[in-house]
Amino acid sequence: MRISELSRRSGVATATIKYYLREGLLPPGRATAATQAEYGESHVQRLRLIRALIGVRGLTVSAAKDVLDALSEVETDTHELLGLVFGVWPTSGAKDSTTKDSAAKDSAAKDEDPDSDTSEVNALLAEMGWKVTEHNPARHVITQTLDTLRSLGMDYDWQSLVPYAQLAEKTAALDLDQLQDPAEPIEKAERAVLLTFLLEPALLALRRLAQEAESTVRYRS
Numbered sequence: 460m461r462i463s464e465l466s467r468r469s470g471v472a473t474a475t476i477k478y479y480l481r482e483g484l485l486p487p488g489r490a491t492a493a494t495q496a497e498y499g500e501s502h503v504q505r506l507r508l509i510r511a512l513i514g515v516r517g518l519t520v521s522a523a524k525d526v527l528d529a530l531s532e533v534e535t536d537t538h539e540l541l542g543l544v545f546g547v548w549p550t551s552g553a554k555d556s557t558t559k560d561s562a563a564k565d566s567a568a569k570d571e572d573p574d575s576d577t578s579e580v581n582a583l584l585a586e587m588g589w590k591v592t593e594h595n596p597a598r599h600v601i602t603q604t605l606d607t608l609r610s611l612g613m614d615y616d617w618q619s620l621v622p623y624a625q626l627a628e629k630t631a632a633l634d635l636d637q638l639q640d641p642a643e644p645i646e647k648a649e650r651a652v653l654l655t656f657l658l659e660p661a662l663l664a665l666r667r668l669a670q671e672a673e674s675t676v677r678y679r680s
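Dropping the structure here:
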């Protein structure tokens with residue numbers, strides 16, 4: 460297909476496609492003339508993933524390129540692929556897990572408070588039986604949230620989060636169930652980004668709706 464058809468199929472403007480080609484996010488098509496090229500389905504899929512990474516996940520063009528480059532190294536490993544698109548670990552050294560883990564830990568050490576106590580997060584993970592990488596940014600979020608709640612006078616610790624963690628576990632199972640169908644790594648990565656980052660506001664909205672409904676049952680019945 461010509462670039463105009465690629466634009467129509469992918470929903471990405473022609474000028475933007477040319478920009479992605481110049482920046483190396485999109486591989487070149489098959490040259491048919493000095494200024495013309497043919498593109499295939501792989502280009503459509505790649506553009507959809509680029510649009511998801513930049514427009515939905517909010518990555519910069521440079522960061523999206525890093526993710527795309529790394530995906531090509533781990534496309535046969537679904538766990539590694541999901542870790543990249545979810546932002547669990549950095550994109551550099553994706554093929555060498557030892558290098559990746561080391562780099563991620565060094566990066567995390569620079570970003571986190573050196574006095575941060577991770578014992579509560581570790582206790583929660585042990586209680587749930589979850590195997591989670593040391594550098595997952597969600598660890599720091601939980602630690603910071605618990606510290607903030609207690610600073611505001613709430614008697615709240617990791618054990619208070621266990622019922623929520625159990626619900627999250629069920630949600631994660633639903634998420635991954637919906638990633639079984641796409642066989643192509645790029646399609647799986649795109650679906651993972653869309654389901655995770657677009658659904659998060661809806662999940663929060665469902666919580667608000669459920670809170671109102673529960674309040675009605677408890678206090679207005």
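Quick note on the numbering used here: the sequence shown kicks off at 460 and runs consecutively. All residues carry an ideal CB built from backbone N, CA and C; glycine is no exception. Bear in mind that the values here come from a model prediction, so they are computed numbers and not experimental data.
Apart from the five residues on each side of it in sequence, which residues of its chain come closer than 7 Å, Cβ to Cβ, to residue i?
{"i": "THR473", "result": "ILE462, SER463 and SER466"}
{"i": "ALA523", "result": "LEU484, ILE509, LEU512 and ILE513"}
{"i": "ARG505", "result": "LEU485 and ILE645"}
{"i": "VAL471", "result": "LEU506 and ARG510"}
Pull up the CB-CB distance for residue i and residue j, whole angstroms please, since I reckon it's below 8 Å.
{"i": "LEU480", "j": "VAL652", "result": "Not confirmed; about 21 Å, so no contact."}
{"i": "ALA496", "j": "ARG489", "result": "6 Å"}
{"i": "ASP636", "j": "LEU654", "result": "Not really, about 10 Å apart at Cβ, beyond 8 Å."}
Taking the continuous beta strand (DSSP E) assigned at residue i, which residues delimit it?
{"i": "ALA624", "result": "No beta strand (DSSP E) holds ALA624; the alpha helix (DSSP H) holding it covers 621 to 636."}
{"i": "GLN495", "result": "495 to 497"}
{"i": "ALA492", "result": "489 to 492"}
Near residue i, what residues of its chain come up, given a Cβ to Cβ distance below 6 Å and the 5 sequence neighbours on each side ignored?
{"i": "GLN656", "result": "Going by the sequence as given, residue 656 is Phe instead of Gln. Counting only Cβ-Cβ distances below 6 Å, and skipping sequence neighbours, we find VAL515 and ARG516."}
{"i": "MET460", "result": "TYR498"}
{"i": "VAL580", "result": "ARG598, ILE601 and THR602"}
To which residues of the same chain is residue i closer than 8 Å at the C-beta, ignoring the five residues directly before and after it?
{"i": "LEU611", "result": "none"}
By the three-class DSSP mapping on this structure, what secondary structure does residue i have?
{"i": "MET613", "result": "coil"}
{"i": "ALA661", "result": "helix"}
{"i": "GLN639", "result": "coil"}
{"i": "ARG667", "result": "helix"}
{"i": "TYR547", "result": "Per the sequence shown, residue 547 should be read as Val rather than Tyr. Three-state result, VAL547: coil."}
{"i": "ASP606", "result": "helix"}
{"i": "THR655", "result": "helix"}
{"i": "ASN581", "result": "helix"}
Over the uninterrupted alpha helix (DSSP H) stretch that includes residue i, give me the two end residues.
{"i": "VAL533", "result": "520 to 533"}
{"i": "LEU590", "result": "The question names Leu, yet the displayed sequence has Lys at residue 590. No alpha helix (DSSP H) contains LYS590, which DSSP labels as neither H nor E."}
{"i": "SER680", "result": "Neither: SER680 is in no alpha helix (DSSP H) and is coded neither H nor E."}
{"i": "PRO644", "result": "644 to 652"}
{"i": "ALA511", "result": "Taken as a continuous stretch (DSSP letters only), ALA511 belongs to no alpha helix (DSSP H), as it is neither H nor E."}
{"i": "ALA474", "result": "473 to 482"}
{"i": "LEU485", "result": "Here LEU485 belongs to no alpha helix (DSSP H), and DSSP marks it neither H nor E."}
{"i": "ARG467", "result": "462 to 469"}
Decide yes or no for the touch test of the region 534 to 546 against the region 643 to 651: beta carbon pairs closer than 8 Å, at least 3 of them. Between the region 534 to 546 and the region 643 to 651, the count of C-beta pairs closer than 8 Å reaches three or more; the two stretches touch.
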